[in-house]
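First comes the structure, then the notes that go with it.
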Amino acid sequence: MPMDWIYALVGGVLIGVSVSIMLIWNGRVTGISGIINGALANLEGDRSWRFAFIGGLVLGGLTLNLINPSFFAGGLNSPDWTVVVAGLLVGFGTIMGSGCTSGHGVCGISRFSTRSLMATVTFMLAGILAVYLFRTMGVLSW
Amino acid sequence: MVKVKTSVVSLIVGFLFALGLGLSGMTQPAKVVGFLDLFGNWDPSLMFVMIGAIGVHAVTYWMTRHRTSPLLAEKWHVPTKRDLTPALMIGALMFGVGWGLAGYCPGPAVTSLASFEARPAIFVVSMLVGMFLFRMLDKKLQLNR
Chain A
28 MPMDWIYALV
38 GGVLIGVSVS
48 IMLIWNGRVT
58 GISGIINGAL
68 ANLEGDRSWR
78 FAFIGGLVLG
88 GLTLNLINPS
98 FFAGGLNSPD
108 WTVVVAGLLV
118 GFGTIMGSGC
128 TSGHGVCGIS
138 RFSTRSLMAT
148 VTFMLAGILA
158 VYLFRTMGVL
168 SW
Chain B
8 MVKVKTSVVS
18 LIVGFLFALG
28 LGLSGMTQPA
38 KVVGFLDLFG
48 NWDPSLMFVM
58 IGAIGVHAVT
68 YWMTRHRTSP
78 LLAEKWHVPT
88 KRDLTPALMI
98 GALMFGVGWG
108 LAGYCPGPAV
118 TSLASFEARP
128 AIFVVSMLVG
138 MFLFRMLDKK
148 LQLNR
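Going down the list, the sequences are from chains A and B.
Start counting at 1 in the first sequence, then tack on 27, and there's your number in my numbering.
Start counting at 1 in the second sequence, then tack on 7, and there's your number in my numbering.
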């Protein structure tokens, strides 16, 4: 649907603006997996900005929920265990691979980082293949 | 004072980022999985999230690159590592499989906690466990990431 494309583009621009603010003021990459991991692992001295960012995400989510709960529609019909396995893979994989969709896909590609480009191509292809395989196996349905 | 300002900026960034995710459809797992379902009923609309985000950020990044420091810190914290390591590729592969299986990547999952539904919470807890497990493993292996 053409409207979906426009919403996606506007949302993307908003994401682009937000990561730009993070860079210009704080000099940091908005890599969500890294921010979360650093908040938990206490890698550097000051973690308050990490918790503030995570708080901002949830606050944004609450605002979305208030405006229209259907922002969170589209749940999958797959069994619960798939969510657990997926979460484990995403947590383990993003820290091993130094980033996720935000850090590699948005921030890294904008810097023309080869590492981020390679990581993004890899996780996109892996995602495409996983959806194909799990859907064919009947594990994934929506 | 700088610490407080840095946190306020981070809060605003997180807030705007979450709105962008919601608006774009990234917080709807079926939409994400539909985007990855290239061999099925492919929904390409989420490609425009990347186009919009990179379009804006590439401009702001290359505009600020020449500056010696950001506004609220003495130095840049932008990654400088350049080598392609096995850990980078294997990690990205694992992440991709998990992303396809549940339709959540880290940002949308945390944002979706605000829906008060069980699945995002199950996903986030599992993700934190996954991160913890990697940190434990890495303490032993000291991987070149």
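Ideal placement from N, C-alpha and C gives every residue a C-beta, glycine not left out.
If you're wondering where the values come from, they're calculated on a predicted model, not measured in any experiment.
Contact with chain B by residue i, beta-carbon distance below 8 Å
i: Asn64 (chain A); result: yes
i: Asn69 (chain A); result: no
i: Gly54 (chain A); result: yes
i: Gly165 (chain A); result: no
i: Gly102 (chain A); result: yes
i: Gly72 (chain A); result: no
Closer than 8 Å to chain A by CB, residue i
i: Leu108 (chain B); result: yes
i: Lys147 (chain B); result: no
i: Thr75 (chain B); result: no
Close Cβ partners of residue i (< 7 Å) along its chain, the five nearest in sequence each way excluded
i: Leu28 (chain B); result: Thr34, Gly114, Pro115 and Thr118
i: Ser105 (chain A); result: Val166, Leu167 and Ser168
i: Asn64 (chain A); result: Ile122
i: Arg6 (chain B); result: Because chain B here runs from 8 to 152, residue 6 (chain B) falls outside it and cannot be looked at.
i: Arg55 (chain A); result: Met49
i: Leu43 (chain B); result: Gly107
Nearest-angstrom beta carbon gap, residue j and residue i [assumed within contact, 8 Å]
i: Gly32 (chain B); j: Asp31 (chain A); result: 6 Å
i: Gly132 (chain A); j: Leu95 (chain B); result: That pair is no contact at about 14 Å.
i: Gly118 (chain A); j: Met138 (chain B); result: 4 Å
i: Thr141 (chain A); j: Leu91 (chain B); result: 7 Å
i: Cys127 (chain A); j: Ile59 (chain A); result: 6 Å
i: Gly62 (chain B); j: Gly43 (chain A); result: 6 Å
i: Gly61 (chain A); j: Gly120 (chain A); result: 13 Å between Cβ atoms; not a contact.
i: Gly114 (chain A); j: Val132 (chain B); result: 7 Å
i: Leu135 (chain B); j: Leu67 (chain A); result: 7 Å
i: Ala37 (chain B); j: Gly110 (chain B); result: 7 Å
i: Ile58 (chain B); j: Leu144 (chain A); result: Rounded, the Cβ-Cβ distance is 15 Å, inconsistent with contact.
i: Leu41 (chain A); j: Leu23 (chain B); result: 6 Å
i: Val110 (chain A); j: Ile129 (chain B); result: 5 Å
i: Val192 (chain B); j: Gly83 (chain A); result: Given that chain B is displayed from residue 8 to residue 152, the structure contains no residue 192 (chain B) and the question cannot be resolved.
Under 7 Å from the C-beta of residue i: neighbouring residues of chain C
i: Val9 (chain B); result: Judged by its chain identifiers, the structure shown contains no chain C, and its protein chains are A and B.
Beta-carbon proximity list for residue i, same chain, < 8 Å, skipping 5 on both sides
i: Ser76 (chain B); result: Lys82 and Trp83
i: Val16 (chain B); result: Leu79
i: Ile48 (chain A); result: none
i: Thr13 (chain B); result: Leu79 and Ala80
Beta-carbon proximity list for residue i, same chain, < 6 Å, skipping 5 on both sides
i: Val56 (chain B); result: Ser31
Residue i: CB within 7 Å of a non-hydrogen atom of the ligand MG
i: Leu150 (chain B); result: The ligand MG is not part of this structure, which contains no ligands at all.
With 9 Å as the limit, tell me which residues of the stretch 107-126 of chain B have their beta carbon closer than that to any beta carbon of chain A; keep them in chain order. Result list: Gly107, Leu108, Ala109, Gly110, Tyr111, Cys112, Pro113, Gly114, Pro115, Ala116, Val117, Thr118, Ser119, Leu120, Ala121, Ser122, Phe123, Glu124, Ala125 and Arg126.
Going along the chain, which residues of the stretch 79-99 of chain A sit with their C-beta nearer than 8 Å to a C-beta in chain B? Taken in chain order, the members of the stretch 79-99 of chain A whose beta-carbon sits within less than 8 Å of a beta-carbon on chain B are Ala79, Phe80, Ile81, Gly82, Gly83, Leu84, Val85, Leu86, Gly87, Gly88, Leu89, Thr90, Leu91, Asn92, Pro96, Phe98 and Phe99.
Given a limit of 8 Å on CB to CB distance, which residues of the stretch 132-143 of chain B reach chain A? Residues passing the 8 Å Cβ filter: Val132, Ser133, Met134, Leu135, Val136, Gly137, Met138, Phe139, Leu140, Phe141 and Arg142.
Going along the stretch 32-53 of chain A in order, which residues come within less than 9 Å of chain B, judged by CB to CB distance? Under the 9 Å Cβ criterion, the stretch 32-53 of chain A contributes Trp32, Ile33, Tyr34, Ala35, Leu36, Val37, Gly38, Gly39, Val40, Leu41, Ile42, Gly43, Val44, Ser45, Val46, Ser47, Ile48, Met49, Leu50, Ile51, Trp52 and Asn53.
Sequence ranges, alpha helix (DSSP H) only - wholly within the stretch 32-86 of chain A, length at least 4: Correct list: 59-68.
Counting only runs of 4+ residues fully inside the stretch 49-106 of chain B, write out the alpha helix (DSSP H) ranges in chain order. DSSP runs (the alpha helix (DSSP H)) wholly in the stretch 49-106 of chain B: 54-71.
Entirely enclosed alpha helix (DSSP H) segments - the stretch 90-132 of chain A, minimum 4 residues: If we require 4 residues or more, the alpha helix (DSSP H) runs fully inside the stretch 90-132 of chain A come out as 107-123.
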